[in-house]
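Going by the numbering used here, the letters in the sequence shown line up with residues 1401 to 1765, in that order. Cβ atoms here follow ideal geometry from the backbone N, Cα and C, with glycine treated the same way.
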Amino acid sequence: MSDHYEVLGVARDASDSDIKKAYRKLARELHPDVNPDDSAADRFKLVTHAYDVLSDPEQRRNYDMGGGQSGMGGFGFNNMSDIFDTFFGGGGQRGPRSRQERGSDALLRVDVDLVDVIFGDTRDVEVDTAVLCDTCEGSCCAPGVSVHTCDVCGGYGQVQRTVRSLLGNVVTSAPCGSCRGYGTVIPSPCPSCAGHGRVRARKVVTVTVPKGIDNGMRVQMTGMGEVGEAGGPNGDLFVEFQVTPDEVFARDRDDLFATIDVDMVDAVKGTTVTLEALDGPVELTIKPGIQAGEVITVPGRGVGHLRGNGRGDVKFGVQVVTPTKLSAKESAILEQFAALRPPVAPRFATHKQGLFTKLRDRLFG
Ligand SMILES: [Zn+2]
Ligand SMILES: [Zn+2]
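Put into structure tokens, the structure is as follows:
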């Protein structure tokens, strides 16, 4: 830990004005505006910190009594930027700032159907956005005129001010009020865009719906957002997808699920059937004796994987439909059928054989 008196090169009993004088001398030598050297910047911090402590009677007393040794991280440093500002002005950027700004990003929500995400699709969507002004093409000037250099700052965008301070006259710079720091002035702004170089417009954007996209997923379309002020670079367009639920097919990741009603007679005898799935006909074989809750899996007919090739599966859960209205003849035959079989009373199924467990295991297992 360096000694504050040594840093400033003064005796321990130095007067306030000696301390001030020593600091002024060192600051002129070491201030980053004058001395670009890194080691000078470090020393400047030390010197400023030392001055900060020793110029405050209470902190100096504390320091002399051995307190405040905690180092550079102490309270003294909090004031450093204040001292900086007092002596040297607020710092900040140099030179004119650009009129051009990057345009805003935009978020677009797009509803798609489940069938659209199986293979992916494209969609033309209207967006409200900012586009380059046709009249001035981003120059912001009325036709026939162009920006000219600001008379007040000579194109620097900054004006310098001399301030009397503890260190003598210090030159500070601030953004030019005449050109608002741009360094140039627009003599007569473009009437179409009021001098912004861009206008609001509706435009049609062709959005790619990626296969396998799911609810809430976003796609970034680089450079498709709003054009910036004065024709600055475009922002990005983010497209967020919402997949409208289908009445028949449910989705779990890339697999699709549907329930099929199978008549009791077909469940007993078995049959084949062709059903119209989301992506076209699918042929199902109902094997004789199929049970309620059984699942028929058709591989590769689900949603296309977002990454890589291939598709998920479609799974059909079987629901056996019991006839509720029988004709007299059907009833009579059913009675005969029942008489041929040993009676089977309703009973508990174990968890393992149960419909609920079976369904869960087969669908998600
Ligand atoms: Zn314009
Ligand atoms: Zn100016």
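How long is the line joining the alpha carbons of residue i and residue j, rounded to whole angstroms?
i     : j     : result
R1460 : V1453 : 6 Å
Y1582 : Q1560 : 15 Å
T1644 : K1669 : 37 Å
F1737 : E1694 : 25 Å
L1678 : I1696 : 17 Å
K1725 : S1731 : 9 Å
Y1423 : V1447 : 7 Å
E1640 : G1623 : 16 Å
P1432 : E1501 : 30 Å
V1585 : H1548 : 5 Å
P1771 : T1685 : Look at the range of the chain in this structure, 1401 to 1765, and you will see that residue 1771 is not part of it.
V1512 : R1598 : 32 Å
D1456 : E1406 : 17 Å
R1509 : D1524 : 12 Å
E1676 : G1538 : 54 Å
D1528 : G1635 : 14 Å
K1611 : A1630 : 38 Å
A1749 : V1720 : 17 Å
T1572 : V1627 : 35 Å
E1683 : V1609 : 28 Å
G1595 : R1618 : 34 Å
D1534 : R1600 : 12 Å
G1389 : R1564 : The structure shown does not extend to residue 1389, since the chain is modelled only from 1401 through 1765, so no value can be given for it.
I1733 : T1722 : 16 Å
D1438 : D1418 : 27 Å
G1471 : E1458 : Because the pLDDT of G1471 is 35, which lies under 50, any placement of that residue in the model is unreliable, and the number read from its coordinates should be weighed accordingly. Between G1471 and E1458, the C-alpha separation is close to 17 Å.
P1591 : G1625 : 24 Å
G1717 : D1646 : 16 Å
S1415 : N1569 : 23 Å
I1660 : T1671 : 13 Å
P1709 : G1632 : Before going on, a small fix: residue 1709 reads as Asn here, not Pro. Going by the C-alpha atoms only, they are around 39 Å apart.
G1474 : V1434 : Residue placement at G1474 cannot be trusted, given a pLDDT of 33 that sits under 50; what the coordinates show is reported in the next sentence. Going by the C-alpha atoms only, they are around 27 Å apart.
R1499 : S1546 : 14 Å
R1707 : G1616 : 17 Å
H1449 : R1602 : 58 Å
D1485 : F1444 : Residue placement at D1485 is flagged as unreliable, the pLDDT there being 43, under the threshold of 50; the coordinate-derived value follows with that caveat. Approximately 14 Å, taken between the alpha carbons.
N1462 : D1442 : 24 Å
K1729 : T1674 : 30 Å
G1409 : R1497 : 42 Å
R1741 : S1727 : 21 Å
Going by the C-beta, is residue i closer than 8 Å to any heavy atom of ligand 1?
i     : result
G1628 : no
T1584 : no
H1596 : yes
F1592 : The amino acid at residue 1592 is misidentified as Phe; the sequence shows Ser. The answer is yes for S1592.
T1535 : yes
V1434 : no
V1599 : yes
Let me make sure I understand the geometry here. Which of the options has the alpha-carbon closest to that of residue i?
i     : options                       : result
V1665 : G1680, G1689 and V1545        : G1689
A1506 : Y1451, R1499 and V1531        : V1531
A1692 : A1667, V1714 and D1513        : A1667
G1544 : N1615, G1704 and P1589        : P1589
V1517 : Q1642, V1662 and E1735        : Q1642
G1702 : G1708, G1625, V1714 and A1441 : V1714
P1699 : K1687, F1657 and T1672        : F1657
Y1451 : V1570, A1414 and K1420        : K1420
R1651 : I1613, C1579, D1437 and V1571 : I1613
D1464 : A1411, G1717 and V1563        : A1411
G1555 : G1577, S1565 and E1735        : G1577
V1515 : G1680, P1633 and G1616        : G1680
A1574 : T1562, G1708, P1587 and T1522 : T1562
V1778 : T1522, I1660 and L1567        : Nothing about residue 1778 can be read from this structure; the chain reaches only from 1401 to 1765.
G1466 : V1434, L1408 and H1404        : H1404
E1526 : F1444, T1606 and S1498        : T1606
Taking residue i and residue j to be in contact with their CB atoms under 8 Å, please state how far apart those CB atoms are, rounded to whole angstroms.
i     : j     : result
G1503 : G1704 : G1503 to G1704, Cβ: 33 Å. No contact.
C1553 : C1593 : Going by Cβ atoms, the distance from C1553 to C1593 rounds to 25 Å, so no, they are not a contact pair.
D1654 : G1712 : 3 Å
Q1620 : F1638 : 6 Å
G1557 : C1541 : About 18 Å separates the two Cβ atoms, so there is no contact after all.
R1428 : L1566 : With 8 Å as the limit, R1428 and L1566 do not qualify as a contact, their Cβ atoms being about 11 Å apart.
L1430 : A1440 : 5 Å
Using a C-beta cutoff of 9 Å, does residue i count as contacting chain D?
i     : result
A1427 : Protein chain content of the structure displayed is limited to a single chain, and chain D is not contained in it.
Any residues whose CB sits closer than 5 Å to a heavy atom of ligand 2? List them in chain order?
A distance filter of 5 Å between CB atoms and the heavy atoms of ligand 2 selects the following residues in sequence order: C1550, V1552, C1553, C1576, S1578 and C1579.
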